[in-house]
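The sequence shown runs 0 to 216 under numbering that gives the first Met the number 0. Here's the structure we're looking at; comments come further down.
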Amino acid sequence: MSYFSFNHKNGRCIECEGEGEKRTDLQFIPDIRNKCSLCNGTRYNGDVLEVIYRGKNIAEVLDMSVEEAMEFFKDDSTLSYKLGVMNDLGLGYLKLGQSATTLSGGEEQRIKLSKELGKIKRKKDNLDLLDEPTVGLHMEDIQKLLTSLNKIVEDGNTVLVIAHHLDVIKATDYVIDLSPEGESDGGRIIAQGSPEEVAEVTDSYTGKYLRPLLNKV
């Protein structure tokens with residue numbers, strides 16, 4: 000596999016050393032960066048680029064978006080499923096070979112989520128635990144996450160989510176509301192049940208803020 004990594008001497012371009020570009024040091028002003036003339040910016044050496052899979056070399060595959068790759072790898076159930084999870088989380092526009100330094104915080108979080116959700120592989124009777132999965136996500140991204148989680152539940156799995164986001168709590172089947180205090184006063188169950196049932200519990204802070212969302216003012 001080292002031949003298909005531009006970080007390894009066996010696979011990278013010998014001219015740019017896997018950078019895809021040549022840098023000219025100008026000392027007192029910003030460096031000039033030009034596309035490597037030997038690998039044409041692909042980062043790989045000629046031997047690697049000669050390896051073709053279904054009409055494309057590795058550089059061309061990595062230049063695909065997630066959505067394009069779903070179609071390209073549709074006959075590979077493992078790859079197509081994991082790419083589908085990424086697409087469901089709204090990442091279909093990302094390039095497979097896109098540099099991590101170009102990703103936003105929300106994109107990084109969704110990639111981490113897709114990695115974990117992709118491990119489930121639509122098996123039944125799994126118990127999956129997610130701790131604050133909405134951190135760093137835009138409201139639109141949260142809705143996509145909830146859609147993905149609902150698909151997992153519909154396939155016969157159980158998802159246990161630790162969350163403080165009301166839209167996530169509202170979308171659950173069952174809520175366990177713990178007391179917000181610390182030390183000896185913490186960890187007590189204040190309310191449990193459906194979101195509607197928790198909203199009726201007057202001692203529950205979660206219920207208090209759920210009530211308006213459920214039109215139970």
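Positions of the beta carbon are idealized from the N, C-alpha and C atoms, including for glycine. Since we're looking at a predicted model, the values are computed, not measured.
Taking the continuous beta strand (DSSP E) assigned at residue i, which residues delimit it?
{"i": "residue 166", "result": "Residue 166 -> not in any beta strand (DSSP E); alpha helix (DSSP H) instead, spanning 165 to 169."}
{"i": "residue 90", "result": "Note, residue 90: premise wrong, no beta strand (DSSP E); not H, not E."}
{"i": "residue 213", "result": "No beta strand (DSSP E) holds residue 213; DSSP gives it neither H nor E."}
{"i": "residue 126", "result": "126 to 130"}
Between which two residues does the alpha helix (DSSP H) carrying residue i extend?
{"i": "residue 59", "result": "57 to 61"}
{"i": "residue 83", "result": "76 to 87"}
{"i": "residue 148", "result": "138 to 153"}
Considering only the beta carbon of each residue, do residue i and residue j sit closer than 9 angstroms?
{"i": "residue 62", "j": "residue 93", "result": "no"}
{"i": "residue 166", "j": "residue 148", "result": "no"}
{"i": "residue 156", "j": "residue 110", "result": "no"}
{"i": "residue 11", "j": "residue 56", "result": "no"}
{"i": "residue 187", "j": "residue 178", "result": "yes"}
{"i": "residue 21", "j": "residue 1", "result": "no"}
{"i": "residue 154", "j": "residue 123", "result": "yes"}
{"i": "residue 116", "j": "residue 84", "result": "yes"}
{"i": "residue 174", "j": "residue 152", "result": "no"}
Count the other CB atoms, across all protein chains shown, that sit within 10 Å of the CB of residue i; report buried if there are 16 or more and exposed otherwise.
{"i": "residue 205", "result": "buried"}
{"i": "residue 210", "result": "buried"}
{"i": "residue 81", "result": "buried"}
{"i": "residue 106", "result": "buried"}
{"i": "residue 159", "result": "exposed"}
{"i": "residue 168", "result": "buried"}
Per DSSP, what kind of secondary structure is residue i in: helix, strand or coil?
{"i": "residue 31", "result": "strand"}
{"i": "residue 206", "result": "helix"}
{"i": "residue 176", "result": "strand"}
{"i": "residue 4", "result": "coil"}
{"i": "residue 73", "result": "coil"}
{"i": "residue 158", "result": "strand"}
{"i": "residue 187", "result": "coil"}
{"i": "residue 98", "result": "coil"}
{"i": "residue 192", "result": "strand"}
{"i": "residue 182", "result": "helix"}
{"i": "residue 118", "result": "coil"}
{"i": "residue 221", "result": "Given that the chain is displayed from residue 0 to residue 216, the structure contains no residue 221 and the question cannot be resolved."}
Compute the minimum distance between the beta carbon of residue i and the heavy atoms of the ligand FMN, and state whether it is under 8 angstroms.
{"i": "residue 209", "result": "In terms of ligand content, the structure shown is empty, and the ligand FMN therefore cannot be addressed."}
Problem set entry | Sufficient close CB pairs (3 or more, under 8 angstroms) joining the region 32 to 41 to the region 2 to 16 | Three or more pairs of CB atoms, one per stretch, sit closer than 8 angstroms, so the region 32 to 41 contacts the region 2 to 16.
Exercise. When the Cβ atoms of the region 23 to 35 are set against those of the region 64 to 71, are three or more pairs found closer than 8 angstroms?
Worked result: Short answer: they don't touch.
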